[in-house]
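Heads up, the thing below is written out as structure tokens.
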Amino acid sequence: MNKGDRKLTRKPLEFFIPMKKIPTVTHQEKQVAVIKGKPHFYEPPELQSARSLITDHLGKFAPKEPFPGKVRLLVKYCYLATGKHKNGEYKRTKPDLDNNMKLLQDCMTQLGFWKDDMYIVSLIAEKFWADLPGIYIKIEEVS
13 MNKGDRKLTR KPLEFFIPMK KIPTVTHQEK QVAVIKGKPH FYEPPELQSA RSLITDHLGK
73 FAPKEPFPGK VRLLVKYCYL ATGKHKNGEY KRTKPDLDNN MKLLQDCMTQ LGFWKDDMYI
133 VSLIAEKFWA DLPGIYIKIE EVS
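What the sequence shown shows, in my numbering, is residues 13 to 155, in sequence order.
This is how it looks when you write it as structure tokens:
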């Protein structure tokens with residue numbers, strides 16, 4: 013073990029959040045209002061609602077203690093397969109993954125999955141059509 017390396021002590025945390033309708037509003041949709049000549053950023057009601065929904069679901073899985081070091085975050089968004097789309101087929105339509113991830117990561121940071129999202133050193137995110145809609149998440153320590 014090199015100087016500065018620490019032994020990995022945490023078991024991976026893995027869970028699935030069933031959601032018939034995954035929020036499609038994104039973190040990018042914050043609004044700005046100019047009040048007395050100064051810009052003020054705020055979240056519109058749809059974004060507040062999405063943040064609340066995601067936070068409520070994630071809260072059930074929040075660890076008692078944050079992951080202590082570097083982590084790999086794996087997220088699979090599973091959207092309800094309808095019509096011509098098949099279970100397991102990649103979803104290439106909106107919302108964009110990077111926008112979805114920002115909101116999810118902010119909620120996870122707020123709930124104490126890690127101290128700061130800078131500790132996410134590996135990020136794997138995918139979106140699929142699925143018979144069982146929801147969000148699959150796996151967090152594991154990396155050295």
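Backbone N, C-alpha and C define an ideal beta-carbon position, used for all residues, glycine too. None of these values were measured; they are calculated from a predicted model.
Buried or exposed: where does residue i fall if 16 or more other Cβ atoms within 10 Å of its Cβ makes it buried?
i: N99; result: exposed
i: P107; result: buried
i: Q117; result: buried
i: G146; result: buried
i: V133; result: exposed
i: P47; result: The sequence given here has Ile at residue 47, not Pro. Label assigned to I47: exposed.
Please name the residue in the options whose C-alpha comes closest to that of residue i.
i: W126; options: L65, V46, F73; result: F73
i: V37; options: F140, L65, P145; result: L65
i: E153; options: Y131, I147, G146; result: Y131
i: C119; options: T67, R84, I151, Y148; result: T67
i: L85; options: K114, H52, K76, K33; result: K114
For the beta strand (DSSP E) holding residue i, just list the boundary residues, first then last.
i: R104; result: Looking at the DSSP string, R104 is not in any beta strand (DSSP E), and its letter there is neither H nor E.
i: E77; result: Run containing E77: none; DSSP gives neither H nor E here.
i: A93; result: No beta strand (DSSP E) holds A93; DSSP gives it neither H nor E.
i: S134; result: 132-142
i: L25; result: 25-30
i: I149; result: 146-153
To the nearest angstrom, how far is the alpha carbon of residue i from that of residue j?
i: H12; j: W141; result: The question about residue 12 has no answer here: the residues shown for the chain are numbered 13 through 155.
i: E58; j: K82; result: 32 Å
i: P35; j: L123; result: 19 Å
i: S95; j: L135; result: It is Gly, not Ser, that sits at residue 95 in the sequence shown. When rounded, the distance between both Cα atoms is 31 Å.
i: F28; j: P78; result: 19 Å
i: R22; j: L70; result: 19 Å
i: A62; j: K32; result: 14 Å
i: V87; j: K150; result: 7 Å
i: G49; j: N111; result: 29 Å
i: A137; j: T105; result: 15 Å
i: L109; j: E101; result: 15 Å
i: P80; j: E26; result: 17 Å
Starting from the C-beta of residue i, find all residues in its chain whose C-beta is less than 7 Å away, skip the five residues before and the five after it, and write them out in chain order.
i: D143; result: A93, N99
i: D128; result: T121
i: P24; result: K150, I151, E152
Going along the chain, which residues of its own chain have a beta-carbon closer than 8 Å to the beta-carbon of residue i, five neighbours each way excluded?
i: K103; result: Y89, Y91, H97, K139, F140, W141
Residues in the same chain with beta-carbon distance under 6 Å from residue i, minus the five sequence neighbours each way, listed in chain order, please.
i: Y148; result: F28, K88
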